[in-house]
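Chemist: Okay, here's the structure, questions in a sec.
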Amino acid sequence: MGMDDDREAAQRLAKQTPELGRAYKREPLRKMLRRLSGGRLGQSRGWPDAPQLNTPWQDTISPTRHGWRERAANLHGENVFGVDYQVCRRCRVAWVEEPHTDPEYQGCGLARAGLAALRAEYPDVSWHTLGGHLSDSVAFWKAVAVGVPGGYEQRDLCTHGTQY
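The C-terminal residue of the sequence shown carries number 1127 in our numbering, and the numbering is unbroken.
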């Protein structure tokens, strides 16, 4: 497959956000221990093992952030887009961090589609980041923030932990 074919496939993938597979790794006892101890006990050790699903889009535990989820797009068996997110329904606030599109597929609409799908899934929350954006990503954040409650502005995490 040529580069143009791959980019066309990525553009089609951006339209397939409803084709979403989910994998949960729930640890209710660990979560309760963390909550009761104010976060001092029950922390996971090492990196979580995020599964690879056989769907165009997947929603799994984040492979880099404990307690977060990752929304990712798969093309030819490879993740070509991913973003970590966390939602607190109590505060009606959500955070996204480190959206990344494989450089070969930047400009194909994957990040815009992935973020839009999250906003559609959680329509009653305002969207933020933890901040610290690189200077070359400012244009990206301005473009995707148009009309978004919260505007992906910097905001610290709430104290309630992950609630999705």
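For each residue, glycine too, the CB sits at the ideal point set by N, CA and C. The model shown is predicted, which means the values in this text are computed figures rather than measured ones.
1. Report the start-end ranges of each beta strand (DSSP E) in the segment 1002–1074 that is 3 residues or longer and not cut off at the edges.
2. Indicate whether G1031 and Q1049 have their beta-carbon atoms separated by less than 8 angstroms.
3. Under a three-way DSSP split, which group does S1089 fall into?
4. With DSSP run on the structure shown, which of helix, strand or coil describes L983?
5. Nearest to A986 by CA position, among N1017, D969, A972, R975, is which residue?
6. Using a Cβ-Cβ cutoff of less than 6 angstroms, which residues in the same chain neighbour L1097 once the five nearest sequence positions on both sides are dropped?
7. Measure the alpha-carbon distance for H1091 versus E1060 and round it to whole angstroms.
8. Taking the CB atoms as reference points, tell me whether V1101 and R1055 lie closer together than 8 angstroms.
9. Exposed or buried, A1083, counting other C-beta atoms within 10 Å across all chains shown (16 or more means buried)?
10. Please report how far the alpha carbon of R975 lies from the alpha carbon of A1036, in whole angstroms.
11. Considering only the beta carbon of each residue, do H1123 and R1028 sit closer than 8 angstroms?
12. For a quick check, are the C-beta atoms of L1081 and V1043 less than 8 angstroms apart?
13. For the alpha helix (DSSP H) that contains K1105, what are its first and last residues?
Modeler: Inspection of the coordinates gives the following:
1. The qualifying runs are 1020–1024, 1032–1038, 1041–1051, 1056–1064.
2. In the sequence under discussion, the amino acid at residue 1031 is Trp, which differs from the Gly named in the question. Contact: yes.
3. DSSP places S1089 in strand when its eight states are reduced to three.
4. If DSSP states are grouped into helix, strand and coil, L983 belongs with the strands.
5. It is N1017 whose Cα lies nearest to the Cα of A986.
6. Same-chain partners within the cutoff: there are none.
7. Cα atoms of H1091 and E1060: separation of roughly 9 angstroms, rounded to the nearest angstrom.
8. Their beta carbons are not under 8 angstroms apart, which means V1101 does not touch R1055 by this criterion.
9. Exposed, since its Cβ has fewer than 16 Cβ neighbours within 10 Å.
10. Taking the Cα positions, R975 is about 11 angstroms away from A1036.
11. For H1123 and R1028, no; Cβs fall outside 8 angstroms.
12. No; because the gap between Cβ atoms is not below 8 angstroms, this pair is not in contact.
13. First-last of the alpha helix (DSSP H) with K1105: 1101–1108.
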